[in-house]
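Everything below concerns the one structure shown next.
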Amino acid sequence: MISLLYKELLVQKRVLGMAFLYIFVFSFAMKNLGEQLPLAIITAVSYMFVLYGGAWDEKASSDRLWNSLPVPKWKIVGAKYLSVLVYVAGVAVLTWAVFAVLSMVGMGGISTPVRLEHAAGAAISGRREQHLPARLLRPGLHEIEDVQFADDARNLFAPLAFVGSFG
Amino acid sequence: MKPILELSNVSKRYPGFSLDKVSFSLEPGYIMGFIGPNGAGKTTTIKLIMNLIRRDQGEIRVFGLDSLQHEQEIKQRIGFVYDEGHFYENLTAAEMTRLIAPIYRHWDWDFYEKYTRLFDLPARKKLSAFSRGMKMKYALAVALSHRAELLIMDEPTSGLDPVVRSEFLDILRDVIQDERCSVLLSSHITSDLDQIADYVTLIDGGRIVFSKSKEELLEEYVLIKGERSLLDSGLRDHIVGLKESQFGFEGLITAKEEVQRLAEGRAVFARPNLEEIMLHCIRGKAQ
Amino acid sequence: MVSIDIIITNTGEVPIYQQIVEQIKGAVLRGELRPDQPLPSIRLLAKELEISVITTKRAYEELEKEGLIYTVPGKGSFVADFDESRLTESREQLVAEKLKEVLDTAELLGLGRAELRKIFERVLGDEK
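Residue numbers (the numbering used here), protein chains in the order written: chain A, 574 to 740; chain B, 3 to 289; chain C, 1394 to 1521.
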């Protein structure tokens, strides 16, 4: 499990730098959002991480690797979901840090992003939609199909997930 | 002795293709070459063994354990090498290994060091900068570094030059010396298997054509080439996978003495290699 | 470990295990291998000759059947001890077998005895 999460860090090292940049830029560009700003930034940036991570996995056909290693499928599936939370938490911390720096320099205030709503930043990932109806009825952690489903679910509902972590 | 790998009536259906009642087994300490034309079902079979896809029917036992019920236990003892990279290319070899090592209970860093040194693999270079041969060697180093008892390789040498392929075979020969390890090696480069395989399993169109020791195969089949006129003397029926050309015919025969009699010195006999056996057996099926 | 040379060819009709048998047999009969000398393990032989271990196993089994070697489980195979008088007899046997093969080939190719003798004389002459 640790390996599965650690891999996200290793693979996305470069994106980290970009993330800072994005947060910084968004803080100015989207200032008019006011209270919603942190929410929007966190949604956007963590979503970027999730999609990027998914793309790397896809490029490396890494599912073939993880499924061939002695890793129980529930860990593979679980890590995909968990990574979303980890990203959101991480990006939230980054955003907070950037805001803190900015406020020291005299910019906008930090407002703790409030409740729910606005999960709908998600783009629809078109591929393998057909898995969704079936899997929604019978969600699981152990089957081969669950691994694929987790990928799609993660892309679709990532923004929703972060809501829970702030609740 | 109990087979280290055993498939019984394994079937898998796809819209355009199906694996039909595939059965074969591998005794411990030997190398089995898994041959067949492209699309015959080699990769599908391997995916079924590794549980990357689910089988519709049949049983797969590895180390005597069912591949579904004891999946993790089995995978701890299997080393795998596939033909297409499935590692993260933007990581270095060292980083990639750091991800994999903790997963294996019996990971041995000494072995890994030994192999990376032997294969001359740079630790700090990104995997994307590795040549194809180096990527295969990396996968092999990883596969050999956790005391695996079974190596499963899917076309590991395809696209590699003869020098690298020869090195690969040398390494395999070394690995097999202590009889602790067995190898299932699928390849369409039959010349490699001519050298290294103890057993050969031929699959075509999702069905197993034969699965026997190479020794037995070479005993059973003899390559015959001769004048076309010979075919009329009743020889035609004896020939497997007959190929006629403007200048003669070629095929495989099983009953050597009888055919020699019929041939009356107007045919040449030779020991076939795996490629010829494979070609004529497949051709024979189609006829 | 004894050092003998075993050369096998992939072409030609003689099965590889047979080639190994003949060469080891030859070495024993020529006295190059002495009784109780250890032979390479079947796996080592397979590795060095780059052939299957099943082939080397078969060769050793054949040699054991002919009484030329014996195997101690867990230790390996060794040259068997047999009396010297058999040596001459076996040597002549070997050559006779080879000549018979030549005869068979000649027959297949449609060469008669007379032609065979001519060829034999020619070869003998060349070999001087």
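Backbone N, C-alpha and C fix where the C-beta goes; we use that ideal spot for every residue, glycine too.
- With the criterion set as a beta carbon lying under 9 Å from some beta carbon of chain C, the members of the region 263 to 283 of chain B are A265, E266, G267, F271, A272, R273 and N275, in sequence order.
- Three or more Cβ pairs closer than 8 Å define a contact, and the region 235 to 251 of chain B meets that threshold against the region 274 to 286 of chain B.
- For A/Y579, the C-beta contacts it makes with chain B under 7 Å involve L101, in order along the chain.
- Between B/L21 and B/G135 the beta-carbon gap is near 31 Å, outside 8 Å, which marks them as no contact.
- Counted as a single uninterrupted DSSP element, the alpha helix (DSSP H) harbouring C/E1415 occupies residues I1409 to L1422.
- Per DSSP, the unbroken beta strand (DSSP E) holding B/A269 starts and ends at A269 to A272.
- Within 8 Å of the CB of B/M52, the CB atoms of chain A belong to N640 and S641, in sequence order along the chain.
- With distances taken between CA atoms, C/E1441 lies nearest to C/I1397 out of C/I1397, C/L1501, C/Y1463 and C/E1454.
- By the criterion of a C-beta distance shorter than 8 Å, B/P158 is surrounded in its chain by V83, Y84, D85, M138, A141, L142, F170, L187 and S189, once the five residues flanking it on both sides are discounted.
- Listed in chain order, the beta strand (DSSP E) runs fully inside the region 61 to 118 of chain B are 80 to 84, counting runs of at least 3 residues.
- One finds nothing in chain C with a Cβ atom closer than 8 Å to the Cβ of B/S69; even the nearest lies about 26 Å away.
- The C-alpha of C/G1419 lies about 34 Å from the C-alpha of B/C183.
- Put simply, the region 222 to 239 of chain B touches the region 248 to 262 of chain B. At least three CB pairs are less than 8 Å apart.
- In the structure shown, B/S188 falls within a strand segment according to DSSP collapsed to helix, strand and coil.
- At least one CB atom of chain B sits nearer than 8 Å to the CB of C/V1446.
- For the region 69 to 92 of chain B, residues whose beta-carbon sits nearer than 9 Å to a beta-carbon of chain A comprise E73, Q74, E75, I76, K77, Q78, R79, I80, F82, Y84, E86, G87, H88, F89, Y90, E91 and N92.
- By alpha-carbon distance to A/I615, the top candidate from A/V720, A/A662, A/A723 and A/A633 is A/A662.
- Against chain B, the CB of A/I649 has no partner CB under 8 Å away; the residue lies outside that interface.
- DSSP places B/Q248 outside both helix and strand once states are collapsed to three, so it counts as coil.
- Between B/L101 and A/Y625 a beta carbon distance of about 18 Å is seen, past the 8 Å cut, so the two are scored as non-contacting.
- By alpha-carbon distance to B/I279, the top candidate from B/L237, B/L9, B/S193 and B/E259 is B/S193.
- Taking 8 Å as the cut-off, the beta carbon of B/L7 is found no closer than this to the beta carbon of B/L225.
- Listed along chain B are R100, L101, I102, A103, P104 and I105, each with a C-beta nearer than 9 Å to that of A/S576.
- Taking a 10 Å sphere around the C-beta of A/V657, we find 16 or more other C-beta atoms and assign the residue as buried.
- Cβ-Cβ separation between B/P39 and B/D206: approximately 6 Å, consistent with a contact (criterion under 8 Å).
- By the 16-neighbour rule on beta-carbons within 10 angstroms, B/D180 is exposed.
- If you check the CB distance, C/L1501 and B/G267 come in under 8 Å.
- Not flagged as an interface residue toward chain C: B/K227, since no C-beta distance is shorter than 8 Å.
- Going by DSSP, A/G627 is part of the alpha helix (DSSP H) stretching over L610 to A633.
- In this chain, the alpha helix (DSSP H) harbouring A/S600 covers K586 to A602.
- Residue environment analysis places B/H108 among the exposed positions, since fewer than 16 neighbouring C-beta atoms fall within 10 angstroms of its C-beta.
- What B/A199 touches in chain C, judged by beta-carbon distance under 8 Å, is S1445, going in chain order.
- Residue state for B/R182 is assigned as coil, using DSSP reduced to three classes.
- Non-local C-beta neighbours of A/E581 in its own chain, meaning closer than 6 Å and more than five positions away in sequence, comprise G626 and S656, ordered along the chain.
- Nearest CB-CB separation between B/Q179 and chain C: below the 8 Å threshold.
- Contact fails between the region 109 to 119 of chain B and the region 581 to 596 of chain A, because fewer than three Cβ pairs, one in each stretch, are under 8 Å apart.
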